[in-house]
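Participant: Residue numbers (our numbering), protein chains in the order written: chain A, 487 to 861; chain B, 487 to 861; chain C, 487 to 861.
Beta carbons: idealized from backbone N, C-alpha and C, even for Gly.
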Amino acid sequence: MSKTSAGNFFEDFRVGQVLAHGTPRTITDGDASLYVALTGSRFPLHCAAPAAHAVGFERNTVDDLLAFHVAFGKTVADVSFNAVANLGYADVRFLATVYPGDTLRSQSTVIGLKENSSGRNGNVYVRSDTYNQFGDRVLTWARWVMVHKRDPAAPAPEAVVPALPAVVPVAELPLPAELDGTQYDVSLTGSPHLWEDYAPGERIDHVNGMTVDSADHTLATKLYQNNARLHFEERLMADSRFGTRLMYGGHVISIARALSFNGLANALRIAAINAGTHCNPAFAGDTFYAWTEVLERWELPGRADLGALRLRTIAVRNAATEDIADAKVEREGRSVYRDEVVLDLDYTVLMPRRGRPRRRAVRASRMRRAPSRGG
Amino acid sequence: MSKTSAGNFFEDFRVGQVLAHGTPRTITDGDASLYVALTGSRFPLHCAAPAAHAVGFERNTVDDLLAFHVAFGKTVADVSFNAVANLGYADVRFLATVYPGDTLRSQSTVIGLKENSSGRNGNVYVRSDTYNQFGDRVLTWARWVMVHKRDPAAPAPEAVVPALPAVVPVAELPLPAELDGTQYDVSLTGSPHLWEDYAPGERIDHVNGMTVDSADHTLATKLYQNNARLHFEERLMADSRFGTRLMYGGHVISIARALSFNGLANALRIAAINAGTHCNPAFAGDTFYAWTEVLERWELPGRADLGALRLRTIAVRNAATEDIADAKVEREGRSVYRDEVVLDLDYTVLMPRRGRPRRRAVRASRMRRAPSRGG
Amino acid sequence: MSKTSAGNFFEDFRVGQVLAHGTPRTITDGDASLYVALTGSRFPLHCAAPAAHAVGFERNTVDDLLAFHVAFGKTVADVSFNAVANLGYADVRFLATVYPGDTLRSQSTVIGLKENSSGRNGNVYVRSDTYNQFGDRVLTWARWVMVHKRDPAAPAPEAVVPALPAVVPVAELPLPAELDGTQYDVSLTGSPHLWEDYAPGERIDHVNGMTVDSADHTLATKLYQNNARLHFEERLMADSRFGTRLMYGGHVISIARALSFNGLANALRIAAINAGTHCNPAFAGDTFYAWTEVLERWELPGRADLGALRLRTIAVRNAATEDIADAKVEREGRSVYRDEVVLDLDYTVLMPRRGRPRRRAVRASRMRRAPSRGG
Chain A
487 MSKTSAGNFF EDFRVGQVLA HGTPRTITDG DASLYVALTG SRFPLHCAAP
537 AAHAVGFERN TVDDLLAFHV AFGKTVADVS FNAVANLGYA DVRFLATVYP
587 GDTLRSQSTV IGLKENSSGR NGNVYVRSDT YNQFGDRVLT WARWVMVHKR
637 DPAAPAPEAV VPALPAVVPV AELPLPAELD GTQYDVSLTG SPHLWEDYAP
687 GERIDHVNGM TVDSADHTLA TKLYQNNARL HFEERLMADS RFGTRLMYGG
737 HVISIARALS FNGLANALRI AAINAGTHCN PAFAGDTFYA WTEVLERWEL
787 PGRADLGALR LRTIAVRNAA TEDIADAKVE REGRSVYRDE VVLDLDYTVL
837 MPRRGRPRRR AVRASRMRRA PSRGG
Chain B
487 MSKTSAGNFF EDFRVGQVLA HGTPRTITDG DASLYVALTG SRFPLHCAAP
537 AAHAVGFERN TVDDLLAFHV AFGKTVADVS FNAVANLGYA DVRFLATVYP
587 GDTLRSQSTV IGLKENSSGR NGNVYVRSDT YNQFGDRVLT WARWVMVHKR
637 DPAAPAPEAV VPALPAVVPV AELPLPAELD GTQYDVSLTG SPHLWEDYAP
687 GERIDHVNGM TVDSADHTLA TKLYQNNARL HFEERLMADS RFGTRLMYGG
737 HVISIARALS FNGLANALRI AAINAGTHCN PAFAGDTFYA WTEVLERWEL
787 PGRADLGALR LRTIAVRNAA TEDIADAKVE REGRSVYRDE VVLDLDYTVL
837 MPRRGRPRRR AVRASRMRRA PSRGG
Chain C
487 MSKTSAGNFF EDFRVGQVLA HGTPRTITDG DASLYVALTG SRFPLHCAAP
537 AAHAVGFERN TVDDLLAFHV AFGKTVADVS FNAVANLGYA DVRFLATVYP
587 GDTLRSQSTV IGLKENSSGR NGNVYVRSDT YNQFGDRVLT WARWVMVHKR
637 DPAAPAPEAV VPALPAVVPV AELPLPAELD GTQYDVSLTG SPHLWEDYAP
687 GERIDHVNGM TVDSADHTLA TKLYQNNARL HFEERLMADS RFGTRLMYGG
737 HVISIARALS FNGLANALRI AAINAGTHCN PAFAGDTFYA WTEVLERWEL
787 PGRADLGALR LRTIAVRNAA TEDIADAKVE REGRSVYRDE VVLDLDYTVL
837 MPRRGRPRRR AVRASRMRRA PSRGG
């Protein structure tokens with residue numbers, strides 16, 4: 487039996503199989519600082535302990551996407567080490583607040599398998615779940631990846647394609663019980679725009695762009711302990727059709743979310759990712775820009791303090807968003823993504839609602855100093 | 487009303503206007519570690535909890551410049567997003583110790599405006615103040631930037647140019663009450679040189695140099711949540727007269743201060759920056775060197791344990807300091823900075839004084855383990 | 487007396503001389519996060535507080551190599567600032583657990599001197615010791631470096647070459663008293679292989695590779711406050727025979743150890759480094775691969791829960807391990823390292839033993855939340 491793992495190939499998966507992923511990870515203030523350094527993110531609940539405390543949290547929370555990337559990274563060695571492509575995400579739900587100091591572990595269940603017509607690979611569908619040190623499930627998501635077969639002659643399994651929701655419905659959106667939107671103060675971000683101000687159909691071009699260097703994306707991907715070879719081995723990738731290391735698609739999601747602060751600063755939290763597609767590969771040296779379309783505006787049952795916005799954020803590389811009216815283009819009779827488009831993300835955020843008296847968010851009397859101080 | 491901000495243009499500013507900057511930030515041990523990784527800084531109060539405790543602090547303190555960059559970063563979106571150039575700093579005072587766990591927020595007041603003769607831009611003078619979670623003011627500084635006009639036809643405001651001190655006088659230097667210089671042990675740094683050993687007129691060439699790569703300076707600038715486009719968008723900057731992203735000038739200050747450890751190791755703390763000029767732009771790939779001239783040596787009222795040194799540190803790029811006698815050169819009858827010079831920083835540091843019995847700085851009995859340990 | 491230090495030259499060293507190195511350093515969660523981002527390391531005791539707690543530690547521990555690099559970095563300014571080459575390590579012992587929050591200081595004693603026949607440099611042998619804030623010695627090692635003479639005419643000292651052990655014998659291996667291997671759960675890493683499964687003579691090719699960019703290796707080296715000029719000054723090194731900055735050899739050790747997770751995931755801890763050689767220089771842009779040979783398998787006196795494996799890990803640059811049968815090659819009648827080989831590391835790890843009932847490692851009842859949480 488080999489001591490090393492070359493990952494699972496398509497014929498190694500069985501529907502119903504449970505994969506317990508290795509190396510649980512305690513997320514710390516150090517990870518949070520690195521996430522800011524890698525993305526420039528400025529969303530206040532993750533940056534400022536008193537601000538998070540003022541709206542009901544114990545202290546500043548771990549960025550939703552940092553938690554997701556750490557949780558996701560654990561699944562790579564077992565699920566997508568031999569992936570040809572990461573095809574999509576669905577039904578990603580951020581179920582519980584993650585704080586610095588919490589420890590995450592992940593497991594995945596195979597929920598579908600379908601060999602491709604070439605006979606050389608197949609699609610694997612998994613449901614992944616992440617738990618904290620209390621055993622609470624903090625994240626759940628489905629994804630499907632195209633995985634190489636070890637042996638092209640291996641027989642095809644019975645095709646099972648799971649039904650996945652196109653959108654996480656309002657009734658199933660995880661709402662943080664601790665968050666009290668009435669305590670939110672827009673001066674925290676400097677943006678006056680709240681839930682009521684966004685209208686379905688509206689498009690927001692996020693102004694700023696960001697160039698990502700090779701050390702940036704590989705530091706991020708190593709931080710998440712995602713060990714997919716195509717992100718790390720220049721020697722291997724120089725001979726591939728890409729000519730260089732591929733950027734972890736999740737880093738593009740993080741950059742797009744960070745850029746979206748300019749226009750969506752009060753989108754305090756991601757509740758769900760409905761669907762995500764990495765439309766084209768991204769590489770070191772690319773400059774990313776993003777725009778967001780507001781798809782839906784939802785009231786939340788039992789919550790007058792918070793509303794939800796379903797958003798579609800498109801990230802492009804090396805092109806100005808204002809020059810691009812649509813992420814897709816007609817080509818040979820088919821609607822396909824434009825070459826510049828690297829991300830099409832359909833997700834749902836939580837934003838405080840207007841129309842109630844607000845108090846100052848940062849009150850010294852409630853919290854004199856962040857607990858990370860250790861005092 | 488646009489959801490996004492394209493920043494303020496020259497005609498958006500009014501003398502007396504107060505700008506409350508977004509996203510307060512809790513500085514953590516993670517930020518401190520990143521600061522060391524980004525600069526190689528070795529000043530002991532920021533690196534070693536027991537060393538800081540032994541001279542009177544609760545624990546290790548946040549590097550003065552890390553606090554400054556975080557505080558400064560917040561002002562960029564409102565003050566200098568549309569800056570042509572950052573023209574200078576004056577009267578920067580480090581008023582109170584910042585500890586890991588403290589949360590900083592910044593606000594700025596417009597103190598001067600002067601349109602330039604071209605009519606296309608103008609100088610904006612601001613006084614910025616930064617507060618911690620107790621409401622204590624921890625930093626204050628003045629700076630002036632040249633900012634684009636949105637509309638060249640907009641009328642010029644009445645010119646107001648504030649009087650700014652050329653130097654923070656001894657009587658106004660902030661002195662940390664908690665610091666007891668008599669407890670300082672030079673073995674902490676390995677350098678025996680104390681306040682008495684430095685003489686006005688002396689020049690110190692700092693030996694080591696440091697090359698900064700693109701990921702280095704952009705990680706630093708993102709860590710500070712400074713979102714000025716010219717540091718981040720290679721696509722934009724490739725077409726500019728610079729040809730590539732500009733390095734945040736503050737990173738050059740940090741590199742120069744870190745290099746100055748070799749020669750000024752016991753300059754425990756920066757009390758003030760009297761004046762700062764980014765003389766020429768700096769870019770990824772540049773190797774920086776620095777020298778320091780001792781301008782003045784001051785006794786401090788009521789403090790026999792500490793003295794102040796007014797220093798002038800010059801940083802150069804891609805040139806040896808020993809080949810450069812003066813930062814300026816005569817050109818067409820004018821004294822201008824040499825092309826190699828990127829920073830001219832006039833600042834005041836605090837250094838323990840000699841001539842009293844010293845005890846061992848690191849005493850296990852006072853602090854058995856750093857509080858960040860969480861025990 | 488110059489304020490700056492140009493480091494010690496060969497003629498500055500005396501056998502018996504003690505060098506107390508500057509700037510003690512508190513290692514924090516931030517350093518641990520950076521270490522993960524810089525290496526992708528996944529060994530569980532350093533990543534997961536509950537996992538470390540379940541086997542007896544207070545919380546997650548500092549990676550052995552992170553502690554080593556910080557401890558080593560302190561010695562550079564005094565020992566190897568003027569090194570021609572770092573010739574080797576011997577008798578490196580990891581004596582005590584280092585936790586985040588602990589503060590390390592290092593000192594070195596000169597144990598040997600031998601001028602080289604050229605008369606232009608000589609070998610300096612030092613024993614370095616690192617202590618925590620309790621005064622406990624946590625690390626000890628010997629190394630020898632070739633150091634330039636300031637003055638080639640300076641007389642040669644009497645040659646003293648210390649006897650150094652080729653291997654740290656079983657009886658002297660430091661064994662962590664707090665670690666209870668019977669509590670170890672292999673599901674933490676996902677690898678089922680324990681001490682009994684490894685046989686002397688076995689070779690493990692570690693599958694994954696890792697490309698290191700310039701910002702990666704310089705961030706790591708600055709984090710360790712190692713200020714050797716040849717890692718940092720591109721301007722200086724462009725004119726050297728290497729043509730660019732040299733990578734700190736310790737970073738190659740860390741990358742090799744991180745890659746070895748695939749095949750040695752349950753090698754929880756490094757007890758000793760018997761010998762280490764940086765066979766060839768490494769540079770930014772290199773892609774590293776590694777294989778490990780199992781040299782010896784040792785039972786440990788009084789420990790039925792743990793065994794030791796003496797390993798030899800070879801790291802190569804820009805070459806596939808499977809194409810290389812041996813690290814050395816015959817050249818002109820001599821056995822020399824192949825050009826691709828950058829590291830030959832002989833070290834001893836601790837691994838849990840099989841054959842006893844195991845309980846779940848992560849038990850919420852023992853530790854509800856990591857102490858770094860600050861709660």
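#1: Assuming A/Val-556 contacts A/Ile-513 under a Cβ cut-off of 8 Å, what Cβ separation, rounded to an integer in Å, is found between them?
#2: Please state whether the Cβ-Cβ distance between B/Pro-767 and B/Phe-728 is less than 8 Å.
#3: In chain B, which residues lie with their C-beta within 7 Å of the C-beta of C/Asn-713?
#4: Within the 8 Å Cβ cut-off, does C/Pro-839 reach chain B?
#5: Assuming the contact rule is C-beta atoms closer than 8 Å, A/Arg-783 and A/Ala-685 should be a hit. Round their C-beta distance to whole Å, please.
#6: Short of 6 Å in beta carbon distance, which residues of its chain neighbour C/Gly-788, apart from the five on each side in sequence? Order them along the chain.
#7: Taking B/Phe-620 as the reference, which of B/Asp-637, B/Ala-645, B/Val-646 and B/Leu-590 has the closest Cα?
#8: Buried or exposed for A/Val-504, please, with buried defined as at least 16 other CB atoms from any protein chain shown within 10 angstroms of its CB.
#9: In three-state DSSP terms, what is B/Gln-619?
#10: Which residues of chain E have a Cβ atom closer than 7 Å to the Cβ of C/His-507, listed in chain order?
#11: Buried or exposed: where does C/Glu-785 fall if 16 or more other Cβ atoms within 10 Å of its Cβ makes it buried?
#12: Going by CA-CA distance only, name the one from B/Ala-645, B/Leu-750, B/Thr-763 and B/Leu-732 that's closest to B/Gly-574.
#13: Can you tell which of B/Asn-804, B/Val-610, B/Val-653 and B/Ala-663 has the C-alpha that lies nearest to the C-alpha of B/Val-828?
#14: Assign B/Arg-629 to buried or exposed, taking buried as 16 or more other Cβ atoms, counted over all protein chains shown, within 10 Å of its Cβ.
#15: Exposed or buried, which one is C/Arg-500 when buried takes at least 16 other CB atoms within 10 Å?
#16: Does DSSP put C/Arg-859 in a helix, a strand or coil?
#17: Is it a yes or a no for the stretch 642–661 of chain C touching the stretch 507–527 of chain C, going by three-plus beta-carbon pairs under 8 Å?
#18: Please report the straight-line C-alpha distance between B/Pro-651 and B/Gly-587, rounded to a whole angstrom.
#19: So which of C/Val-631, C/Lys-708, C/Asn-602 and C/Leu-754 has the shortest CA-CA distance to C/Val-672?
#20: Can you find the residues in the same chain that come closer than 6 Å, C-beta to C-beta, to A/Trp-681, ignoring five residues on each side of it along the sequence?
#21: From C/Asn-568, C/Val-780 and C/Ser-491, pick the residue whose C-alpha is nearest to that of C/Leu-716; which is it?
#22: For a cutoff of 8 Å on Cβ pairs, would you count B/Asp-517 as touching chain A?
#23: Would a check of beta-carbon distances place C/Ser-594 closer than 8 Å to chain B?
#24: Report the option in B/Leu-531, B/Glu-601, B/Pro-655 and B/Asp-637 whose CA atom is closest to the CA atom of B/Asp-577.
#25: Taking its Cβ as the centre, do 16 or more other Cβ atoms sit within 10 Å of A/Ala-751, making it buried, or is it exposed?
#26: What separation, rounded to the nearest whole angstrom, lies between the Cα atoms of A/Leu-732 and C/Ala-506?
#27: Note down, in chain order, all residues in the stretch 716–745 of chain B with a beta-carbon under 8 Å from any beta-carbon belonging to chain A.
#28: Distance, Cα to Cα, B/Ser-700 vs A/Asp-498?
#29: Applying the 10 Å Cβ sphere with the 16-neighbour rule, what's the burial state of A/Ala-847?
#30: Which complete beta strand (DSSP E) runs does the stretch 510–591 of chain B hold, if anything under 3 residues is left out?
#31: What residue range is occupied by the uninterrupted alpha helix (DSSP H) comprising A/Met-733?
#32: Where does B/Ala-790 land, buried or exposed, given buried means 16+ other C-beta within 10 angstroms?
#33: In angstroms, rounded to a whole number, what distance separates the CA positions of B/Glu-601 and B/Asn-607?
#34: Does chain A have any CB closer than 8 Å to the CB of B/Arg-511?
#35: I'd like to know if A/Val-548 contacts chain B, where contact means its C-beta is closer than 8 Å to some C-beta of that chain.
#36: Could you tell me the alpha carbon to alpha carbon distance between A/Phe-554 and A/Ile-739, rounded to whole angstroms?
Facilitator: Concretely, from the data shown:
#1: 6 Å
#2: Yes.
#3: Per Cβ cutoff of 7 Å: Gly-526 and Asn-694.
#4: This sequence places Arg at residue 839 of chain C; Pro is not what is there. Not one chain B Cβ lies under 8 Å of C/Arg-839.
#5: 7 Å
#6: none
#7: B/Leu-590
#8: exposed
#9: Correct three-state label for B/Gln-619: coil.
#10: No chain E is part of this structure, whose protein chains are labelled A, B and C.
#11: The residue in question, C/Glu-785, is exposed, as its Cβ has fewer than 16 Cβ neighbours within 10 Å.
#12: B/Thr-763
#13: B/Asn-804
#14: buried
#15: exposed
#16: Caution applies to C/Arg-859, whose pLDDT of 34 falls short of 50 and renders its modelled position unreliable; the model cannot decide the point.
#17: no
#18: 33 Å
#19: C/Leu-754
#20: Correct list, in chain order: Gly-793, Met-837 and Arg-839.
#21: The residue among C/Asn-568, C/Val-780 and C/Ser-491 with its C-alpha nearest the C-alpha of C/Leu-716 is C/Asn-568.
#22: So yes, B/Asp-517 belongs to the interface.
#23: Not closer than 8 Å to any Cβ of chain B, the Cβ of C/Ser-594 fails to qualify, so no.
#24: B/Pro-655
#25: buried
#26: CA-CA distance, A/Leu-732 to C/Ala-506, rounds to 46 Å.
#27: Phe-718, Glu-719, Glu-720, Arg-721, Leu-722 and Arg-731
#28: 42 Å
#29: The pLDDT assigned to A/Ala-847 is 45, lower than 50, so where the model puts this residue is not dependable; a value taken from the coordinates is nonetheless given after this. Result: buried.
#30: 569–580
#31: It is not in any alpha helix (DSSP H) - A/Met-733 carries neither H nor E in the DSSP assignment.
#32: exposed
#33: Roughly 6 Å between the two C-alpha positions.
#34: yes
#35: no
#36: 11 Å
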